[in-house]
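> A single structure is presented below for examination.
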Ligand SMILES: [Zn+2]
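Shown next as structure tokens:
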């Protein structure tokens with residue numbers, strides 16, 4: 003199916019070893035999807051457990067994330083072969099890792115922070131080398147002790163510094179909120195423009211960062227009416243143990259078709275051409291048919 007427009011899913015995961023992998027990309031492309039931002043899975047889902055709480059060596063721990071990042075880069079290459087447009091990797095450290103490090107592996111919050119910042123530093127190397135498009139960071143979306151919250155905010159600020167240095171956008175995983183102006187200010191302080199910060203799993207309205215809207219009709223209606231920049235995503239997790247945990251890979255092209263039927267060509271252009279160009283510097287029109 004050709005929807006006569008680029009169609010970008012701004013945040014999904016692919017797990018060719020345990021999940022559907024390239025099958026999911028074929029479903030997406032079949033319905034008219036053209037471009038994907040593929041975010042690495044949380045490191046512990048891939049059996050990668052960086053660092054040692056009894057002998058903390060952040061630099062060595064940071065290196066352990068490479069396996070996670072390289073798997074994502076590999077699957078993105080294969081996805082690009084299937085798509086009329088292309089896919090790009092988004093690399094980083096899932097903010098939920100802090101709870102795994104502190105609660106299950108016995109790290110002090112500050113040591114967990116150091117390990118996660120080292121992972122962000124390594125992710126930024128891939129961006130600087132042109133192998134990845136953007137960084138992923140954030141903070142827990144659930145209640146945590148103050149020390150863990152502060153450590154998480156420090157990790158996020160490091161991601162902003164790295165994004166500023168590499169000249170790339172930063173995707174955030176964070177608590178449900180319609181006002182993240184304080185976080186956007188931290189990005190600006192670090193030298194990263196607020197409009198290069200994206201909140202994934204967003205509702206249709208958000209002050210501060212750019213919302214990457216979960217592609218449910220109610221949320222999309224709000225984003226369309228806002229007249230503001232937005233992106234569309236599914237957060238497809240590609241995990242056979244969690245079927246239906248999030249939206250499936252066909253959802254973004256289906257919702258684009260629905261928006262076009264409702265006469266929202268402008269909003270489709272905003273979410274799939276203009277905002278991707280402004281936030282990530284990507285050309286979703288020029289990369290069609292490559
Ligand atoms: Zn995700």
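Numbering (this note's numbering), first residue to last: 3 to 292.
The beta carbon of each residue, even a glycine, is placed where N, CA and C say it ideally should be.
(1) Do you know offhand how far residue 50's Cα is from residue 267's?
(2) Alpha carbon to alpha carbon, how far is residue 42 from residue 93?
(3) In the DSSP output, what is residue 252 paired with across the bridge?
(4) Could you check the C-alpha separation between residue 211 and residue 77 for me, to the nearest Å?
(5) For residue 75, report the span of its alpha helix (DSSP H) as first-last.
(6) Note the first and the last residue of the continuous beta strand (DSSP E) segment covering residue 203.
(7) To the nearest angstrom, how far is it from the Cα of residue 88 to the Cα of residue 74?
(8) Answer yes or no: do residue 197 and residue 258 have a C-beta to C-beta separation smaller than 8 Å?
(9) When the Cα atoms are used, what is the spatial distance from residue 243 to residue 20?
(10) Could you spell out the range, first to last residue, of the beta strand (DSSP E) harbouring residue 140?
(11) For residue 160 and residue 263, I'd like the C-alpha separation in whole angstroms.
(12) So which of 265, 254, 13 has the shortest CA-CA distance to residue 34?
(13) Using a Cβ-Cβ cut-off of 6 Å (strictly less than) and excluding sequence neighbours within five positions of residue 289, which residues of its own chain qualify?
Working from what's here:
(1) By one-based count along the chain shown, residue 50 stands at place 48. By one-based count along the chain shown, residue 267 stands at place 265. Using only the alpha carbons, I get a separation of about 43 Å.
(2) Counting from 1 along the chain shown, the entry for residue 42 is found at position 40. Counting from 1 along the chain shown, the entry for residue 93 is found at position 91. Residue 42 and residue 93: Cα-Cα distance of roughly 6 Å.
(3) As a working note, residue 252 is residue 250 in the chain shown. Answer is none; residue 252 lacks a bridge partner.
(4) Taking the chain shown and counting its residues from 1, the one referred to as residue 211 is at position 209. Taking the chain shown and counting its residues from 1, the one referred to as residue 77 is at position 75. Each residue's alpha carbon lies about 28 Å from the other.
(5) Along the chain shown, one-based indexing puts residue 75 at 73. Start and end: 68–84.
(6) As a working note, residue 203 is residue 201 in the chain shown. 199–204 is the span of the beta strand (DSSP E), which, as asked, contains residue 203.
(7) On the chain shown, position 86 is the one that residue 88 refers to. On the chain shown, position 72 is the one that residue 74 refers to. The alpha-carbon atoms of residue 88 and residue 74 are separated by roughly 14 Å.
(8) Here residue 197 is taken as the residue at index 195 of the chain shown, counted from 1. Here residue 258 is taken as the residue at index 256 of the chain shown, counted from 1. It is not a contact, given that the beta carbons lie outside the stated cut-off.
(9) If you number the chain shown from 1, residue 243 lands on position 241. If you number the chain shown from 1, residue 20 lands on position 18. Each residue's alpha carbon lies about 9 Å from the other.
(10) The residue given as residue 140 occupies position 138 in the chain shown. Its beta strand (DSSP E) spans residues 136–140.
(11) On the chain shown, position 158 is the one that residue 160 refers to. On the chain shown, position 261 is the one that residue 263 refers to. Residue 160 and residue 263: Cα-Cα distance of roughly 43 Å.
(12) Taking the chain shown and counting its residues from 1, one reaches residue 34 at position 32. Nearest C-alpha to residue 34: 254.
(13) As a first step, residue 289 is located in the chain shown; it is residue number 287 there, counting from the start. Result list for residue 289: 87, 88, in chain order.
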